[in-house]
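2 protein chains.
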Amino acid sequence: MTIARTPRLDDVAARAGVSAATVSRFLNTPDVVKDATAERIREAIAATGYVPNMTAGALATNRSRLIAALVPDIAQSIFNDTVEAMIDELAADGNSVVLALTGADNRRLDREISVALGRRVDAIILTGIVSDPDARARLRSQGTTVIETWGLPDDPIDVSIGFSHRQAGEEMARFLRGRGYRRPHLVVPRSTRSERRASGFTERWVRDGGEAPTRLDVNVPSHFGQGRFSFRALADLPERPDVVVCGSDWIAQGLIVEAQAAGIRVPDQVAVTGFGNLRLAGDMRPTITTVDVDGGRIAREVIRVLRARAAGERVETRIDVGFRIIARESA
Amino acid sequence: MTIARTPRLDDVAARAGVSAATVSRFLNTPDVVKDATAERIREAIAATGYVPNMTAGALATNRSRLIAALVPDIAQSIFNDTVEAMIDELAADGNSVVLALTGADNRRLDREISVALGRRVDAIILTGIVSDPDARARLRSQGTTVIETWGLPDDPIDVSIGFSHRQAGEEMARFLRGRGYRRPHLVVPRSTRSERRASGFTERWVRDGGEAPTRLDVNVPSHFGQGRFSFRALADLPERPDVVVCGSDWIAQGLIVEAQAAGIRVPDQVAVTGFGNLRLAGDMRPTITTVDVDGGRIAREVIRVLRARAAGERVETRIDVGFRIIARESA
DNA sequence: CGGTGATGTGCAAGCGCTTGCAAGATTGTT
DNA sequence: AACAATCTTGCAAGCGCTTGCACATCACCG
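Taken in order, these protein sequences are the chains called C and H.
FYI, the UniProt record's numbering numbers position 237 of the first sequence as 237, with every residue one higher than the one before it.
FYI, the UniProt record's numbering numbers position 154 of the second sequence as 154, with every residue one higher than the one before it.
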């Protein structure tokens, strides 16, 4: 009796009466093998229960079909839709995604970059903004494709797909000013992205003749509870703002719920805006005015870039997917 | 001039004046190499910028240090905390997680199982309940460690870590009956897990002398908007329920918001319960009565099992992490 | 019917690392 | 100072697949 062990290409080949090379070709470039041979191989594969060892394949081809996605977190993340869409698309192409968590402040970024490099991933997808110059230099020096998403750095490591956070902040300032608000208050998660939006907002607001907005910084990841907290913190301000600009839809949602519980009407007594246009923003009562970013579009662009690279084509290095302010009931 | 190419073990070895084997040992079992040698190797690694090729390592050791996590989705999933905790823990052990999405109804499960097997992952972690007998048989026949989480099947594929959904339903029935509610209405996401809780609830409720609860089925993944929808659907019932048992905290939250918008007080006019004890459940106004499942504990047990397996120890096949009903304001 | 180009397959040399075995270097012992 | 025990290291044979090159077939043509 033969020892039970997981079958290899050889086993299939032997059974089909061909060489391993032919089986390999059958698997990777089916049209070069003759129909009759293919049929025998198919039968042999079924009989042996053979599952190709992608590790060996990766070593031989120097192509892992592994894509690393580095994200701060997934428990409550605005990137989840994008990541989900990416995983789906990539899976359809025969790639797998190894998901690595870098932590809110990218503390584990360096380590995860090393791991990704060690696994010889075909590409590294960064989410958020990597500000550490060492990490940037390190990535640049490798040949690997690296795609920065959700931001649009002046000097991308390789390819970047996103939008200008600063500009989104400015646009929101313009929008609210146009609606007649006069005393905005910012609730700003401590992340580079949020900070950029906040400073974009502030600069534009002031340039347009407004007083510098008040602000509250909150920890990331942002969540519903912080919205409640942020509402209560409004009491500490010298004057109640007429609109609170929140760094995320979750914060906006929490703030609205807490305001209502306190008997304050939104937007009549205080208006609120969010960021992200999560599904809940449209479902909340009142519906939340927010900034829409097309995460699915980002995912699609990522795929497009990856395919182009695989085909050896050149690709743009900065792809702006833009954003839109969605005016709803809350502001 | 030497051709630039990514450095290999050989390159480091040559530079350090030792054999590749020694460098390999330095990397994997540092204490067996002499200090002076180690120092030279360290220097050589730094000088060459060498990053070990884990693909080659995996092939040689037949150990990929890759764990596949198959989840229905991540956009809005009650499993996210568990997955996040697992990824963190595994990363600390030098493992990486390849995340695969199986879709709400496990439609892509088969394909993802094949991919995981092909990548020769060290373990497959399933989330939710895999009811397809073919998939179960297929997994069982492989030697791979497979861990089913968030459920507790009678006959685990290999190891299962979770709790009894049926029992959670029963417990909720008991709890609400004890609080004096009489006309429960169930909002049930179309997933095996939710269905088990619902039938556990119903059976217990009836056994205890209640009338069979009314119910509404909603699609997965469940979200805030469905809660709003579910509230409006209450109008179609012959009689308004006194408590709505929701399949998730998100649904509960949406339902509460919509009820309040309609001027209905929670819990006075209608009580609400959720499931999952997400952070927002404690933050919502009113706070939401729900069922707590310790996702972090599940993650820790997964790690423990994986380590035990790696060490060649035997492990239990069913690990019950239980659940707790968290009584709050909403019911 | 020999020549030609296309088509299908096999041979064998890798891909970059790990590890059993054995030999050389060191240390301690008597 | 000779010998045993312990450390360190190198050799070389894989791990399971891919692919350039060469060869064998075969259909087709003049």
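Note that CB positions come from ideal geometry on N, CA and C, so glycine has one too.
When the beta-carbon positions are compared, H:S330 and H:M284 come within less than 9 Å of each other. Annotated three-state conformation of C:R42 is helix, per DSSP. Linking H:R207 to H:E170 through their CA atoms gives a straight-line distance of about 10 Å. Using a C-beta cut-off of 8 Å, the region 68 to 80 of chain H makes no contact with the region 26 to 41 of chain H, since fewer than three inter-stretch Cβ pairs fall below that distance.
Take H:Q253, set aside five residues on each side of it, and the residues of its chain with a beta-carbon closer than 8 Å to its own are F224, G227, G274, L280, A281, M284, I288, in chain order. If the five residues before and after H:E211 are omitted, its C-beta is found closer than 6 Å to no C-beta atom of its own chain. For C:S141, the secondary structure class from DSSP, reduced to helix, strand or coil, is helix. DSSP places H:E148 in the strand class (E or B) of the three-state scheme. Against chain C, a Cβ distance below 9 Å from H:V244 picks out nothing, because the smallest value is about 17 Å. For C:V23, the enclosing alpha helix (DSSP H) covers residues 20 to 28.
Secondary structure in the region 38 to 107 of chain C: the beta strand (DSSP E) runs of 3 residues or longer, each lying completely within the stretch, are 66 to 71, 96 to 101 in chain order. Going by C-alpha positions, H:F231 is about 15 Å away from H:D268. Under the three-pair Cβ rule at 8 Å, the region 38 to 55 of chain H counts as touching the region 14 to 22 of chain H. Residue-level contact by beta carbon fails for C:Q269 and chain H, as no gap is shorter than 9 Å. The DSSP-derived three-state label of C:G210 is coil. Within 7 Å of the CB of C:M284, the CB atoms of chain H belong to V257, in sequence order along the chain. Identification of residues in the region 107 to 125 of chain C having a C-beta nearer than 7 Å to some C-beta of chain H yields S114, V115, L117, G118, R119, R120, given in sequence order. Boundaries of the beta strand (DSSP E) around C:A123: 123 to 127. Taking a contact to require three or more Cβ pairs closer than 8 Å, the region 256 to 263 of chain C and the region 100 to 113 of chain C do not qualify as touching.
Of all residues in the region 207 to 236 of chain H, only H223, F224, G225, R228 place a beta-carbon less than 7 Å from a beta-carbon of chain C.
Excluding sequence positions up to five before and after H:I319, its CB lies within less than 6 Å of the CB of I161, E301, all in the same chain and listed in chain order. At least one beta carbon of chain H lies nearer than 9 Å to the beta carbon of C:I87. In the three-state scheme derived from DSSP, where H, G and I count as helix and E and B as strand, H:A261 is classed as helix.
Looking at the DSSP output, H:L186 sits in a beta bridge with H:R215, H:V245.
Here C:S160 carries a strand assignment [DSSP, helix/strand/coil]. For H:A271, the uninterrupted beta strand (DSSP E) segment begins and ends at 271 to 273. Taking C:I251 as the centre and dropping the five residues before and after it, the same chain places the C-beta of V187, P189, V218, S222, H223, F224, Q226, G227, S230, G274 closer than 8 Å to its C-beta, in chain order. Neighbours of C:N53 in chain H, taken as residues whose beta carbon is under 9 Å from its own, are L59, G118, R119, R120 in chain order. The Cβ atoms of H:I124 and H:A85 do not sit closer than 9 Å to each other. Chain H has no Cβ within less than 9 Å of the Cβ of C:I326. For H:S64, the nearest CB of chain C lies under 9 Å from its own CB, placing it at the interface with that chain. C-alpha of C:V159 to C-alpha of H:W150: approximately 39 Å in a straight line. Contact annotation for C:N80 against chain H: I74, A75 [CB-CB distance below 7 Å, chain order]. Excluding its 5 nearest sequence neighbours in each direction, H:V245 has C-beta neighbours in its own chain below 6 Å: P184, L186, T273, listed in chain order. Taking every protein chain shown into account, the CB of C:G200 has 16 or more other CB atoms within 10 angstroms, so this residue is buried. Within chain C, the residues whose beta carbon sits less than 9 Å from that of H:E84 are D73, I74, A75, L101, listed in sequence order.
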